[in-house]
Amino acid sequence: MTDATMSKFLITVLLLSPGVSFGRSLSMSAEEVFDAYKSAMKQSLLRRGKVAYKAEGTMGTKFPSRYKRPETGTAAKRSIFVDGARIHVRKGWNVVEDGHSKIRIRECLLTTEHSFAATHGVPPYMIVANKRQRRREALLALSWVELAFEGYMLVDYDAKPLWEVIEDASVSPKLRKDLELIDGHETYVLEFKTPNRGHYTLWVDPNCGFNLRRCVLRLTGSDLFLGKPLSTPRELPPPRQATDFTRFLRLPRKIWTKTLDSVKIENIDGFFVPVEGRVTNINVHSNGEELIYVATNRLTEIDLNPDFDKYENPFVLGVPDGTRVIYEDLEGAGVPYLWVDGKMVADVDDLVIAELDKTAQQIIADGDVPPKLGSFKKTDANDQEPNTVIETDANVAESKPEVLAESNGLSIVVMILIGLAIIGVAGVLVFRKLKA
Numbered sequence: 052m053t054d055a056t057m058s059k060f061l062i063t064v065l066l067l068s069p070g071v072s073f074g075r076s077l078s079m080s081a082e083e084v085f086d087a088y089k090s091a092m093k094q095s096l097l098r099r100g101k102v103a104y105k106a107e108g109t110m111g112t113k114f115p116s117r118y119k120r121p122e123t124g125t126a127a128k129r130s131i132f133v134d135g136a137r138i139h140v141r142k143g144w145n146v147v148e149d150g151h152s153k154i155r156i157r158e159c160l161l162t163t164e165h166s167f168a169a170t171h172g173v174p175p176y177m178i179v180a181n182k183r184q185r186r187r188e189a190l191l192a193l194s195w196v197e198l199a200f201e202g203y204m205l206v207d208y209d210a211k212p213l214w215e216v217i218e219d220a221s222v223s224p225k226l227r228k229d230l231e232l233i234d235g236h237e238t239y240v241l242e243f244k245t246p247n248r249g250h251y252t253l254w255v256d257p258n259c260g261f262n263l264r265r266c267v268l269r270l271t272g273s274d275l276f277l278g279k280p281l282s283t284p285r286e287l288p289p290p291r292q293a294t295d296f297t298r299f300l301r302l303p304r305k306i307w308t309k310t311l312d313s314v315k316i317e318n319i320d321g322f323f324v325p326v327e328g329r330v331t332n333i334n335v336h337s338n339g340e341e342l343i344y345v346a347t348n349r350l351t352e353i354d355l356n357p358d359f360d361k362y363e364n365p366f367v368l369g370v371p372d373g374t375r376v377i378y379e380d381l382e383g384a385g386v387p388y389l390w391v392d393g394k395m396v397a398d399v400d401d402l403v404i405a406e407l408d409k410t411a412q413q414i415i416a417d418g419d420v421p422p423k424l425g426s427f428k429k430t431d432a433n434d435q436e437p438n439t440v441i442e443t444d445a446n447v448a449e450s451k452p453e454v455l456a457e458s459n460g461l462s463i464v465v466m467i468l469i470g471l472a473i474i475g476v477a478g479v480l481v482f483r484k485l486k487a
């Protein structure tokens, strides 16, 4: 190879290397690039009026070598349906228990009125419902890569996209003076340093719809992560046995980085869509050791104009009728719900029984029940037979007949009146809660 050929080869390799600056003049300002990126996000898959797609990916964990723990990894497949305000995410992955492989399903469904999060397979069926639009619940069923494509780095409970986090911090973007090549693609490079939400760097591709080719978020000890400074000791369930590894997991983190890279973008029916990528999370703990998570994801099917009649059960949770629903808006109100025909239904029979029992127990606790009424209890008698009276010193055979009869008559009358009162109170409570 001649010197000239070698020089051309080295220049080509240099230009195609990730992150290499090559001195092209900039034609856009930092604000213009940032606004173009935000506009592009309004056309992202989850924000389109109608879309259906499938994806598959992996998630792996790498532990510090001294703990001698093998790397872990799982593979998952997802189906995503979007139709206006409705979003349905169905995620399935293998769970190995006692040497047996099982499929675990996680589903999230957002409608105009409720959000539902369902888990079934392992553990048993369960649905958590909420009246508020909890977009985060649906987002958590997506891959980290898909979330990054949509602009979500998920470092807070509000699940705000990164541009909202940046705008809330009231910081102006800074644009590096040269375009940079990422995997052979020209990109503008924006940087943001927020007061307590970390440092963002975005590599934006103007030739592919201003989508991200790369993104790095870096948090340090004083930056907020899920509402608390990153340096706050982690709150984890107590371990069965304290070891060096479990103590390591509870150490505060001094640096946390999330990196999106290896992004592939395709033009589908005139829209630029990120279809493949990787996200790497690196947690640097206070002792200097790192815990690393790596997620990959690839969109396998994309339908930008779907006919949902052709798909199996879009916008329907795959759980059986009779599944218990934990309705968080009425948590603690004593209102049980079940999943029937694709919607929540109040289990009124159980509700009435629960309210009657609660009201009766309150009356007894307040001392408003005559002694005779307090002596009644449920037995194994048939439903058609009346409850029996427990034998006490006041109603043994040696008691005076006329006194016993008078006392029994009074107890029955009082019992009927109190029973009617209990039913009335329970009815009002039931009506109010169901109406709410």
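Convert by adding 51 to the 1-based position in the sequence shown; the result is the number in this note's numbering. From the three backbone atoms N, C-alpha and C, an ideal C-beta is built for every residue, glycine too.
Could you tell me the alpha carbon to alpha carbon distance between residue i and residue j, rounded to whole angstroms?
i      : j      : result
Pro121 : Thr112 : 9 Å
Phe359 : Asn145 : 27 Å
Ala397 : Val376 : 9 Å
Thr297 : Ser78  : 52 Å
Thr351 : Leu193 : 14 Å
Ala106 : Pro224 : 33 Å
Ala103 : Cys159 : 15 Å
Phe323 : Met204 : 21 Å
Asp256 : Lys211 : 22 Å
Ser462 : Leu381 : Its pLDDT being 49, under 50, Ser462 is placed unreliably in this model, and the value from its coordinates should be taken loosely. Looking at the two C-alpha atoms, the distance is approximately 37 Å.
Leu191 : Ala169 : 12 Å
Leu275 : Ala136 : 30 Å
Pro288 : Leu355 : 43 Å
Ile333 : Ala199 : 16 Å
Glu164 : Gly202 : 25 Å
Leu226 : Val314 : 21 Å
Tyr176 : Ala126 : 21 Å
Leu253 : Lys305 : 22 Å
Asp372 : Asn364 : 15 Å
Phe299 : His336 : 8 Å
Asp340 : Pro115 : In the sequence as displayed, the identity of residue 340 is Glu instead of Asp. If you take the alpha carbons of Glu340 and Pro115, they lie about 6 Å apart.
Leu213 : Lys309 : 12 Å
Ile138 : Ile316 : 23 Å
Asp320 : Gly260 : 13 Å
Asn318 : Ile156 : 31 Å
From the options, pick the residue whose C-alpha is nearest to that of residue i; which is it?
i      : options                        : result
Lys279 : Trp254, Ile415, Pro303         : Pro303
Arg285 : Arg291, Leu277, Gln292         : Leu277
Gly143 : Lys153, Gly135, Met204         : Lys153
Lys182 : Glu379, Thr125, Gln412         : Glu379
Val345 : Trp195, Ile138, Gly135         : Trp195
Ile353 : Val326, Asp372, Gly369         : Val326
Asp134 : Arg117, Leu96, Tyr118          : Leu96
Asn348 : Gly100, Ser282, Thr109         : Thr109
Leu268 : Cys259, Arg248, Asn258, Leu281 : Arg248
Asp392 : Val386, Lys409, Val399, Thr374 : Thr374
Lys93  : Lys394, Glu340, Glu215, Gly369 : Glu215
Val222 : Arg155, Phe85, Tyr362          : Phe85
Pro246 : Lys228, Asp229, Ser273, Tyr88  : Ser273
Ala81  : Gly172, Val240, Glu231         : Val240
Phe132 : Glu242, Lys361, Ala416, Cys266 : Lys361
Ala87  : Thr238, Asp295, Thr410         : Thr238
Ser130 : Ile233, Val367, Lys119, Thr331 : Val367
Thr271 : Trp307, Phe261, Pro290, Asn262 : Trp307
Lys394 : Arg98, Ala180, Ile156, Gln412  : Ala180
Pro357 : Arg99, Arg117, Ala416, Gly235  : Arg99
For the beta strand (DSSP E) that contains residue i, what are its first and last residues?
i      : result
Ala103 : 101-113
Val4   : Given that the chain is displayed from residue 52 to residue 487, the structure contains no residue 4 and the question cannot be resolved.
Arg304 : 304-319
Leu97  : It is not in any beta strand (DSSP E) - Leu97 carries neither H nor E in the DSSP assignment.
Thr162 : Segment: none, Thr162 is in no beta strand (DSSP E) and carries neither H nor E.
Leu389 : 388-391
Thr374 : 374-378
Lys119 : First-last for Lys119: undefined, no H or E at that position.
Val396 : 394-397
Ala180 : 177-181
Does any CB atom of chain D fall closer than 8 Å to the CB of residue i?
i      : result
Glu363 : Among the protein chains of the structure shown there is no chain D, as only one such chain exists.
Grab the span of the alpha helix (DSSP H) containing residue i for me, first residue to last.
i      : result
Lys89  : 81-92
Asp295 : 295-300
Residue i bridges to which residues according to DSSP?
i      : result
Ser130 : Lys105, Arg141
Glu352 : Lys105
His171 : Ile156
Ile343 : Lys113, Ile333
Arg285 : The partner list for Arg285 (beta bridge, DSSP) is empty, contrary to what the question assumes.
Lys279 : Phe276
Val267 : Thr252, Thr310
Residue i: beta carbon under 7 Å from a heavy atom of the ligand NAD?
i      : result
Phe276 : Absence of the ligand NAD is noted for the structure shown, with no ligands found whatsoever.
Original post:
Going along the chain, which unbroken runs of the beta strand (DSSP E) with 3 or more residues stay wholly within the segment 200-263?
Top reply: 231-233, 236-244, 250-256
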